[in-house]
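> Chains A and B, in that order, are what the protein sequence lines are.
The numbering used here numbers the first residue of the first sequence as 1 and each following residue consecutively.
The numbering used here numbers the first residue of the second sequence as 1001 and each following residue consecutively.
Backbone N, C-alpha and C define an ideal beta-carbon position, used for all residues, glycine too.
No experiment lies behind these values; they were computed from the predicted model shown.
This is the structure I want to talk about, given as structure tokens.
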Amino acid sequence: MTTSILVVDRVTKRFSGHTAVDALSITVPPGVIFGLLGPNGAGKTTTIRMIMNIIIPDEGRVRLFDSASSARELAHRIGFLPEERGLYPKMRVLDVLLFLAEMRGMDRRTSRPRALEWLERLGLSDWRLRKVSELSKGMQQKVQFASALLHDPDLVVLDEPFSGLDPVNADVMRQTVLDLRRRGKTILFSTQIMEHAEKLCDHICIIARGKKLVDDSLNHVKESYSGRHLIVAFDGSQGGADAVFADRRLVAGLQDFGAYAEVELAHGADAQDVLKSLVGSGARLSRFELAAPSLHAIFVGLVGPDAAQAKGVVHA
Amino acid sequence: MRKILAVVRREFVERVRTKWFWIGTVLGPLFFGGMILFRLLNGEHSGVERKVAVVDQTTGGAGARLVEGLSASLERFHFVRVPASPRAVDSLTDVVVAKNLDGFLLVSDSTFDVGSVEYRGSNVSSLADMEELHSTLGRQVFAVRLERHGIDPVVVRGAELSVTMATHKIRGTKVTGESGEQAFTLSFAMAIILFLAIVLYGVNVMSSVLEEKTTRIVEVLVSSIRPFELMLGKVVGAGAVGIVQLAVWLLSVKVLAGQQDRIAAWLGVDHSGAQGPALVLPQVPAATMIVFVVYFLLGYFLYAAIFAAVGAISGSEQEARQAQTPVTLLLMVPYLSVFGILNDPNSVSARWFTFVPFWSPVAAPVRWSASPIPAAELTGSLLVLLVSVVLVTWVAARIYRVGILMTGKRPNMREIIRWVRAG
Chain A
1 MTTSILVVDR VTKRFSGHTA VDALSITVPP GVIFGLLGPN GAGKTTTIRM IMNIIIPDEG
61 RVRLFDSASS ARELAHRIGF LPEERGLYPK MRVLDVLLFL AEMRGMDRRT SRPRALEWLE
121 RLGLSDWRLR KVSELSKGMQ QKVQFASALL HDPDLVVLDE PFSGLDPVNA DVMRQTVLDL
181 RRRGKTILFS TQIMEHAEKL CDHICIIARG KKLVDDSLNH VKESYSGRHL IVAFDGSQGG
241 ADAVFADRRL VAGLQDFGAY AEVELAHGAD AQDVLKSLVG SGARLSRFEL AAPSLHAIFV
301 GLVGPDAAQA KGVVHA
Chain B
1001 MRKILAVVRR EFVERVRTKW FWIGTVLGPL FFGGMILFRL LNGEHSGVER KVAVVDQTTG
1061 GAGARLVEGL SASLERFHFV RVPASPRAVD SLTDVVVAKN LDGFLLVSDS TFDVGSVEYR
1121 GSNVSSLADM EELHSTLGRQ VFAVRLERHG IDPVVVRGAE LSVTMATHKI RGTKVTGESG
1181 EQAFTLSFAM AIILFLAIVL YGVNVMSSVL EEKTTRIVEV LVSSIRPFEL MLGKVVGAGA
1241 VGIVQLAVWL LSVKVLAGQQ DRIAAWLGVD HSGAQGPALV LPQVPAATMI VFVVYFLLGY
1301 FLYAAIFAAV GAISGSEQEA RQAQTPVTLL LMVPYLSVFG ILNDPNSVSA RWFTFVPFWS
1361 PVAAPVRWSA SPIPAAELTG SLLVLLVSVV LVTWVAARIY RVGILMTGKR PNMREIIRWV
1421 RAG
């Protein structure tokens, strides 16, 4: 039994002047769903490309399955769904699957029944002899999942697997990931949508500007931030709530979701003081509770300036 | 290795499945069949009759004597003597326009004094007609002049002899059955095929690289196969398509050429009077064939690698089309120099063309077909080409490796050089 499926050891990558990934280390144990989180430009895709041996790190190294072999040599054990997904538009669906399985080291005789089985499972059997370009976007995405998983890999690396998926396909994706873990596979995926990470991950690693900020099991992360977040909702008048939220002695951060707001307490502040101040300011509260923070709040609290930049995407 | 074969297979199968492959494959034989038809229906072999008037402005019956002589030696032409009149030229022109006459000769005394004659007609662009008319006129004028000087017409007639010169090529120490015309046709056909095949299949490699780059599928591929292996598989796969297509073309040419009599009969063209088939296929000596194939393969690999790199640095079809133009022009240089090389296959410039690796794939086989290249030169040329293939492929692979993952604007020369130098 291996102790870890993937070890990224102080890996650095620079692109003409700027450092995309800066001495990043992560360790992925077997059988977990590992989330690599970060805002746009944090270095997630670059990290994944280095893991997949698509680009070579300037410093540090990547170790897979406790062996000295590269991801390319271990291609048959690794499934990969890149961030920018594409298929050959003019090829037939089944042929694309067979070809990509060959690239992953399977012979066509073995891959053919499995490809047909996958197409059946995804409801695309009737489309197997159609050209990829005739498929809808959602169907193409399903074919892409199938191509990443056809060779039954032990490690599945998914770069932004939920981006661009409609809710139905996102659910298929989620079920697939959970099913993989149930079968003892290891999944590494990157995302900037914290809701997905929160529902799926056993372990998260948050990076920003190429550096690691948090690397722990999701439970530990949430525990270490609990008791410091409040959920506040108003019933009509907000009174002088804005002034209270702006008071740095009480409030360190604020996530206004419209219907309610998530408040991060300042260091050493007491929730009761916030409540008193709010009531005193004339605000009418419909909800005031001490809450376990959402991953979203933790994330925004950690990567503040970066997140502000990427806000549109985070809320998407 | 199995993965490279998978890439080769995909490249081959997908290319063969396109309608362009079939159009291209059928177009070759169609073009050649058209050439046979053209030769059957036009020109010297079909024995098309020509009606030609001779406007006689001579004094003393020389014109009549000339018409007589022409009619006797040119069966295909029907000559009618028209006495000179002020309106003759205009009215004959009208007859030619009305297509009742192919043309007319203007013969005067000066024809026999200084040898000038004028022909006006609708068939002046037919080289065969003009050649025949010209040479027969020469002989007849010559005969009339001799008779004017009192030589017995019987003697003159006996001395009239048209000479046919057969050309045979000497290759090495052997006299071959190859005629001069055939040797030229072969050389020229080889130049066309080499140029077209290298450019067409090279561009196929380029667009295939571009497809993988623009769809971003290349990331999945490169995580399972080395970029160099991927490039190699593409080059070999597209090349295999080329070889199949060339084989179909050559085979169909051979079959069609063998069926010329049947084609003629089917068209109802009386072909029996002609000497030999309408289109004679040149004999291709085995050595020429080998030289052709070796240079084709090396040339294809050289240019395919360059085209792969061009595809890798481009972000779209338009960009790629622009970037490939200089590469195509580079190969066009020897193609445009074919006439020069054939004129003097051992000139200094022909030697240069044999040694410059970007030119030799077209130039060397053409030169060889005209005159065997000395063994030392041939070895040198092949060696230079081989080393270039290795070097260019090495450089192209480095550009390819970085380029296929790049997005955004096309890199400039300095960036490309940096890619090549960065291990």
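1) Counting only C-beta atoms, is S1046 of chain B closer than 8 angstroms to chain A at any point?
2) Once DSSP output is grouped into helix, strand and coil, what is the label at A310 of chain A?
3) Does DSSP classify A1159 of chain B as helix, strand or coil?
4) Could you please give me the residues that DSSP links to E59 of chain A through a beta bridge?
5) Taking Cβ to Cβ, would you say V1096 of chain B is nearer than 8 angstroms to V1054 of chain B?
6) Can you name the start and end residues of the alpha helix (DSSP H) that S224 of chain A belongs to?
7) Leaving out the 5 sequence neighbours to the left and right, which residues in its chain are closer than 7 angstroms to L87 of chain A when beta-carbon positions are compared?
8) What does a CB cutoff of less than 8 angstroms around I5 of chain A pick up in its chain, not counting 5 residues either side in sequence?
9) Closer than 7 angstroms by beta-carbon distance: list the chain A residues that pair up with V1222 of chain B, in chain order.
10) Quick one: give me the first and last residue of the beta strand (DSSP E) that L1106 of chain B is part of.
11) Using 8 angstroms as the limit for Cβ to Cβ distance, is E1377 of chain B near chain A?
12) Which residues in chain B sit within 9 angstroms of Y88 of chain A, going by Cβ to Cβ distance?
13) If contact is defined by three or more beta carbon pairs under 8 angstroms, each pair taking one atom from either stretch, is the segment 95–112 of chain A in contact with the segment 156–165 of chain A?
14) Give the C-beta separation of V274 of chain A and L230 of chain A to the nearest angstrom, bearing in mind that I take them to be a contact with Cβ-Cβ under 8 angstroms.
15) Cα separation between F1339 of chain B and V1199 of chain B?
16) If you reduce the DSSP assignment to three classes, tell me which class K1409 of chain B lands in.
17) Output, in chain order, the set of chain B residues within a Cβ distance shorter than 7 angstroms of F99 of chain A.
18) Let me know the alpha helix (DSSP H) ranges lying completely inside the segment 1059–1125 of chain B, each 4 residues or longer, listed in chain order.
19) Determine whether the Cβ of A75 of chain A lies closer than 8 angstroms to any Cβ atom of chain B.
20) Would a check of beta-carbon distances place H1306 of chain B closer than 8 angstroms to chain A?
21) Around the Cβ of I1416 of chain B, are there at least 16 other Cβ atoms within 10 angstroms (buried) or fewer (exposed)?
22) Measure from the alpha carbon of L172 of chain A to the alpha carbon of each residue in A:R49, A:G123 and A:A283, then state which is nearest.
23) Less than 8 angstroms between the beta carbons of L1250 of chain B and S1314 of chain B, yes or no?
24) Can you tell me whether L1383 of chain B is buried or exposed, with buried defined as 16 or more other CB within 10 angstroms of its CB?
25) Provide the residue span of the beta strand (DSSP E) that contains I187 of chain A, from first to last.
26) Does F245 of chain A have its Cβ less than 8 angstroms from a Cβ in chain B?
27) Residues of the segment 1385–1405 of chain B with a CB closer than 8 angstroms to any CB of chain A: list them in chain order, please.
28) Three or more C-beta pairs closer than 8 angstroms, one from the segment 240–253 of chain A and one from the segment 204–212 of chain A: is that the case here?
29) From H1045 of chain B to V1241 of chain B, what distance separates their C-alpha atoms?
30) Residues of chain D with a CB under 8 angstroms from the CB of A71 of chain A: which are they?
31) Beta-carbon of E102 of chain A versus every beta-carbon of chain B: anything under 8 angstroms?
32) Alpha helix (DSSP H) containing L273 of chain A: first to last residue?
33) Does the CB of E84 of chain A have a neighbour CB from chain B at under 8 angstroms?
34) Strictly below 8 angstroms CB to CB, what residues from chain A border R1226 of chain B?
35) Which residue's Cα is closest to the Cα of S1207 of chain B: B:W1020, B:A1320 and B:S1337?
36) Give the interface partners of M91 of chain A over in chain B, defined as CB-CB distance under 7 angstroms, in chain order.
This is what the structure holds:
1) Counting from 1 along the second sequence, the entry for residue 1046 of chain B is found at position 46. Unreliable placement is indicated for S1046 of chain B, whose pLDDT of 47 sits below 50; the coordinate value is still reported in the next sentence. At a cut-off of 8 angstroms, the C-beta of S1046 of chain B has no neighbouring C-beta in chain A.
2) Taking the first residue of the first sequence as 1, we reach residue 310 of chain A at position 310. For A310 of chain A, the predicted structure reports a pLDDT of 41, less than 50, and the residue's modelled location is therefore unreliable. The matter cannot be settled from this model.
3) One-based indexing of the second sequence puts residue 1159 of chain B at position 159. Reduced to three states, the DSSP call for A1159 of chain B is helix.
4) Position 59 of the first sequence, counting from 1, holds the residue named residue 59 of chain A. Answer by DSSP bridge pairing, in chain order: A:T12.
5) For the purposes of this step, residue 1096 of chain B is identified with residue 96 of the second sequence, where counting begins at 1. For the purposes of this step, residue 1054 of chain B is identified with residue 54 of the second sequence, where counting begins at 1. Not a contact, by the Cβ cut-off of 8 angstroms.
6) Along the first sequence, read from residue 1 onward, the residue named residue 224 of chain A stands at position 224. Counting along the chain, the alpha helix (DSSP H) containing S224 of chain A begins and ends at L218 to Y225.
7) Locating residue 87 of chain A in the first sequence gives position 87, counting from the first residue. Taken in chain order, the residues that qualify are V96, V132, Q140, V143 and Q144.
8) Counting from 1 along the first sequence, the entry for residue 5 of chain A is found at position 5. V28, P29, P30, L64, F65, D154, L155 and T186, listed in sequence order.
9) On the second sequence, residue 1222 of chain B is found 222 positions in, with the first residue counted as 1. Simply I54.
10) Taking the first residue of the second sequence as 1, we reach residue 1106 of chain B at position 106. G1103 to V1107 is the extent of the beta strand (DSSP E) around L1106 of chain B.
11) What you label residue 1377 of chain B is simply residue 377 of the second sequence in a count that begins at 1. Using a Cβ-Cβ cut-off of 8 angstroms, E1377 of chain B does not count as an interface residue toward chain A, since no Cβ of chain A sits closer than that to its own.
12) Position 88 of the first sequence, counting from 1, holds the residue named residue 88 of chain A. Going along chain B in sequence order, the residues near Y88 of chain A (Cβ under 9 angstroms) are R1010, E1014, E1211, E1212, T1215 and I1217.
13) No: fewer than three Cβ pairs fall under 8 angstroms.
14) Numbered from its first residue, the first sequence carries residue 274 of chain A at position 274. Numbered from its first residue, the first sequence carries residue 230 of chain A at position 230. Rounded to the nearest angstrom, the Cβ distance from V274 of chain A to L230 of chain A is 7 angstroms, consistent with a contact under 8 angstroms.
15) Within the second sequence, residue 1339 of chain B is the residue found at index 339, counting from 1. Within the second sequence, residue 1199 of chain B is the residue found at index 199, counting from 1. Roughly 20 angstroms between the two C-alpha positions.
16) Taking the second sequence and counting its residues from 1, the one referred to as residue 1409 of chain B is at position 409. In the three-state reduction of the DSSP assignment, K1409 of chain B falls in the coil class, being assigned neither a helical nor a strand state.
17) Numbered from 1 along the first sequence, position 99 holds the residue referred to as residue 99 of chain A. Correct list: A1006 and R1010.
18) For the alpha helix (DSSP H) assignment, the uninterrupted runs of no fewer than 4 residues enclosed by the segment 1059–1125 of chain B are, from N- to C-terminal side, 1062–1073, 1088–1097 and 1109–1113.
19) What you label residue 75 of chain A is simply residue 75 of the first sequence in a count that begins at 1. For A75 of chain A, the answer is yes, since a Cβ of chain B falls inside 8 angstroms of its Cβ.
20) Residue mapping note: residue 1306 of chain B aligns to position 306 of the second sequence, counting from 1. A small correction: the amino acid at residue 1306 of chain B is Ile; His does not occupy that position in the sequence shown. Chain A has no Cβ within less than 8 angstroms of the Cβ of I1306 of chain B.
21) On the second sequence, position 416 is the one that residue 1416 of chain B refers to. Counting Cβ neighbours within 10 Å, I1416 of chain B comes out buried, since at least 16 surround it.
22) For the purposes of this step, residue 172 of chain A is taken as residue 172 along the first sequence, with counting starting at 1. With the sequence shown as reference, residue 172 of chain A is identified as Val, and Leu is not the correct amino acid for it. When each option's Cα is compared against that of V172 of chain A, the closest is A:G123.
23) By 1-based counting over the second sequence, the position of residue 1250 of chain B is 250. By 1-based counting over the second sequence, the position of residue 1314 of chain B is 314. No, Cβ-Cβ distance for L1250 of chain B and S1314 of chain B is not below 8 angstroms.
24) Residue numbering aside, residue 1383 of chain B sits at position 383 when the second sequence is read from its first letter. It is exposed - the Cβ of L1383 of chain B has fewer than 16 other Cβ atoms within 10 Å.
25) Locating residue 187 of chain A in the first sequence gives position 187, where the first residue counts as 1. Here the beta strand (DSSP E) through I187 of chain A covers T186 to T191.
26) Start at 1 with the first residue of the first sequence, and residue 245 of chain A comes out as number 245. It does not: the Cβ of F245 of chain A has no partner Cβ on chain B nearer than 8 angstroms.
27) Listed by position, the residues of the segment 1385–1405 of chain B near chain A (Cβ gap below 8 angstroms) are L1405.
28) The answer is no - the segment 204–212 of chain A does not touch the segment 240–253 of chain A, with fewer than three Cβ pairs under 8 angstroms.
29) On the second sequence, residue 1045 of chain B is found 45 positions in, with the first residue counted as 1. On the second sequence, residue 1241 of chain B is found 241 positions in, with the first residue counted as 1. Low per-residue confidence applies at H1045 of chain B: pLDDT is 47, beneath 50, and the placement is therefore not dependable, though the value from the model is reported in the following sentence. Approximately 37 angstroms between the Cα atoms of the pair.
30) Looking at the structure shown, chain D is missing, and the protein chains on hand are A and B.
31) Here the question's residue 102 of chain A lines up with position 102 in the first sequence. At least one chain B Cβ lies under 8 angstroms of E102 of chain A.
32) Against the first sequence, residue 273 of chain A aligns to sequence position 273. According to the sequence as given, residue 273 of chain A is Asp; it is not Leu. Here the alpha helix (DSSP H) through D273 of chain A covers A271 to G280.
33) Reading the first sequence from its first residue, position 84 is the one you call residue 84 of chain A. Output row for E84 of chain A: interface = yes.
34) Walking along the second sequence from the start, residue 1226 of chain B turns up at place 226. For R1226 of chain B, the chain A residues whose C-beta falls within less than 8 angstroms of its own C-beta are R72, listed in chain order.
35) Within the second sequence, numbered from 1, the residue matching residue 1207 of chain B stands at position 207. Taking only the C-alpha atoms, the option nearest S1207 of chain B is B:A1320.
36) Here the question's residue 91 of chain A lines up with position 91 in the first sequence. Residues of chain B passing the Cβ test: E1014.
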